[in-house]
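Colleague:
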Amino acid sequence: MVDAMQSHRNQVFEKLLACIKECSQANISVDLGQVVYDASFKMMFSTIFSLDSVCDEKVREIKDLMDCIIKEIGRPNIADCYPFLKVVDPQCIRHRLTSYCAKVFKLFDQILEVRLKSREELVKYSGIYNDLLDVIVEVMEEQRDDIKREHVQHLLLDLLGAGMNATSKTIEWAMTELLENPNVLQKLQEEIENVAGKGMNQVMESNIPQLPYLQAVVTETLRLHPTAPLLLPRKVTEQIEIYGFVLPNDSMLIVNTWAIGRDPFTWDDQDVFTPERFMGTKVDVKAQVIKLFTFGAGKKICPGMSLALSVSYLMLANLVSYFDWKLDDSVELHQDMGMLDDYFGITLTKTKSLCAFPTERKRFV
Numbered sequence: 062m063v064d065a066m067q068s069h070r071n072q073v074f075e076k077l078l079a080c081i082k083e084c085s086q087a088n089i090s091v092d093l094g095q096v097v098y099d100a101s102f103k104m105m106f107s108t109i110f111s112l113d114s115v116c117d118e119k120v121r122e123i124k125d126l127m128d129c130i131i132k133e134i135g136r137p138n139i140a141d142c143y144p145f146l147k148v149v150d151p152q153c154i155r156h157r158l159t160s161y162c163a164k165v166f167k168l169f170d171q172i173l174e175v176r177l178k179s180r181e182e183l184v185k186y187s188g189i190y191n192d193l194l195d196v197i198v199e200v201m202e203e204q205r206d207d208i209k210r211e212h213v214q215h216l217l218l219d220l221l222g223a224g225m226n227a228t229s230k231t232i233e234w235a236m237t238e239l240l241e242n243p244n245v246l247q248k249l250q251e252e253i254e255n256v257a258g259k260g261m262n263q264v265m266e267s268n269i270p271q272l273p274y275l276q277a278v279v280t281e282t283l284r285l286h287p288t289a290p291l292l293l294p295r296k297v298t299e300q301i302e303i304y305g306f307v308l309p310n311d312s313m314l315i316v317n318t319w320a321i322g323r324d325p326f327t328w329d330d331q332d333v334f335t336p337e338r339f340m341g342t343k344v345d346v347k348a349q350v351i352k353l354f355t356f357g358a359g360k361k362i363c364p365g366m367s368l369a370l371s372v373s374y375l376m377l378a379n380l381v382s383y384f385d386w387k388l389d390d391s392v393e394l395h396q397d398m399g400m401l402d403d404y405f406g407i408t409l410t411k412t413k414s415l416c417a418f419p420t421e422r423k424r425f426v
């Protein structure tokens, strides 16, 4: 289903490439963190809702609310350490989150009402919008007793929130590592040229399965810079002992994916960016294996995993295939850019956004 909606994403990405091309011609640096974030939101939104089905004002309002929700979720909350403070909510985080979610759910509900009305008016409805919401509504109507509207609202929130933020951070970190490791960047560009051809103006999603090194680069990026350094808390339903550690019933369990990805007992040269470690192996972010929990595992695995990976592959492939990138000559990669520095929130964010000058590659000139 994600593959069937790639036309929506291609339209958004064509506009992004055109924008970066204008910056290249004008010799203007690009804030990759911001432009990728904006493009990720548009790609996710168009895949889920179709850009043509919602007015621009409503799109901007949803984006602003999602920005606020993501910021509040990642804010340190003293009530998490002292549960008796949850009732007081001393930082008003819960109050603000409740308000933001209520507003965005109301907007989702309005979009859902329009879609349901369209289905009622057309007896032979056959997916006019051809987006993910069509699929969700169809399943909701088939399972009315099990799936309620509030379930759909929360699913849309998860898909949009996780997709727009996680994808953009992954791309920004990947570009940062590629600029830090030019030999890896060159190898990736050569692979893309060999598969997609030097005359192709845009890498398509159909090319991705033939680009194992690209997938390895993204996987290695997620190992070193997991989008969610700490997975959402789990609750222990019964007392259990794991490797000598007793987890009492009703205790909160938090999985540290950042530490898993840098465990020296599991990974050789754990702090070195080496995509080759994933070449020819079955360990990837889609597999529910013991080494990587980037998207969680089991029943609680991230529902937007396939969509986030598809967008990440497509965006990174085209950014490095279409353009060469360089920093300002006065910028020292490690010192001035805070190149590999990060801070924790709900996602792993660079302390300084990555800005670079794009140069259109000769094969596109």
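According to the working numbering, the residues represented by the sequence shown are 62 to 426, in order. All residues carry an ideal CB built from backbone N, CA and C; glycine is no exception.
1. Who are the near neighbours of GLU83 in its chain, counting only those whose CB is closer than 7 Å to its CB and skipping five residues on each side?
2. Taking the C-alpha atoms as reference points, what is the distance between THR410 and MET225?
3. Would you grab the beta carbon distance between ALA140 and LYS132 for me? Rounded to a whole angstrom, and I think it's under 8 Å.
4. Let's test the definition: count the other Cβ atoms within 10 Å of the Cβ of ASP397 and tell me whether it reaches 16, buried, or not, exposed.
5. Could you pull out every residue in the same chain whose Cβ sits closer than 7 Å to the Cβ of ASP324, ignoring the five residues on either side in sequence?
6. Three Cβ pairs or more, each shorter than 8 Å: is that satisfied between the segment 206-221 and the segment 163-171?
7. Report the three-state DSSP secondary structure of MET265 (helix, strand or coil).
8. By a C-beta neighbour count over all protein chains shown, 10 Å radius and 16 as the cutoff for buried, is GLY222 buried or exposed?
9. At a cut of 8 Å, does the segment 247-261 reach the segment 292-310 through at least three beta carbon pairs?
10. State the start and end residues of the unbroken beta strand (DSSP E) segment that holds LYS387.
11. Is the Cβ-Cβ distance between THR318 and GLU281 less than 8 Å?
12. How would you write the range of the alpha helix (DSSP H) that THR318 sits in, first residue to last?
13. My guess is that ASP192 and THR108 are in contact by the Cβ rule of under 8 Å, so how many angstroms apart are they, rounded?
14. Starting from the C-beta of GLN300, find all residues in its chain whose C-beta is less than 8 Å away, skip the five residues before and the five after it, and write them out in chain order.
15. What do you get for ASN268, buried or exposed, if any count of 16 or more other CB atoms within 10 angstroms of its CB means buried?
16. What does the alpha-carbon distance come out to for the pair LEU388 and LEU93?
17. For LYS360, count neighbouring Cβ atoms within 10 angstroms of its own Cβ and tell me buried if that reaches 16, exposed if not.
18. Identify the continuous beta strand (DSSP E) that holds PHE418 and give its terminal residues.
19. On the premise that VAL278 lies in contact with ALA235, defined as a C-beta separation below 8 Å, what is that separation, rounded to the nearest angstrom?
20. Enumerate in chain order the residues of its own chain whose CB-to-CB distance from LEU77 is below 6 Å, with the five nearest sequence positions on each side excluded.
Modeller: Working from what's here:
1. none
2. 13 Å
3. Going by Cβ atoms, the distance from ALA140 to LYS132 rounds to 17 Å, so no, they are not a contact pair.
4. Model confidence at ASP397 stands at a pLDDT of 47, short of 50, so the residue's coordinates are unreliable; what they give is reported in the following sentence. Exposed is the call here.
5. GLN331
6. yes
7. coil
8. buried
9. no
10. 384-387
11. no
12. 318-322
13. 6 Å
14. VAL307, LEU308, PRO309 and ASN310
15. buried
16. 12 Å
17. exposed
18. 416-421
19. 6 Å
20. ALA100
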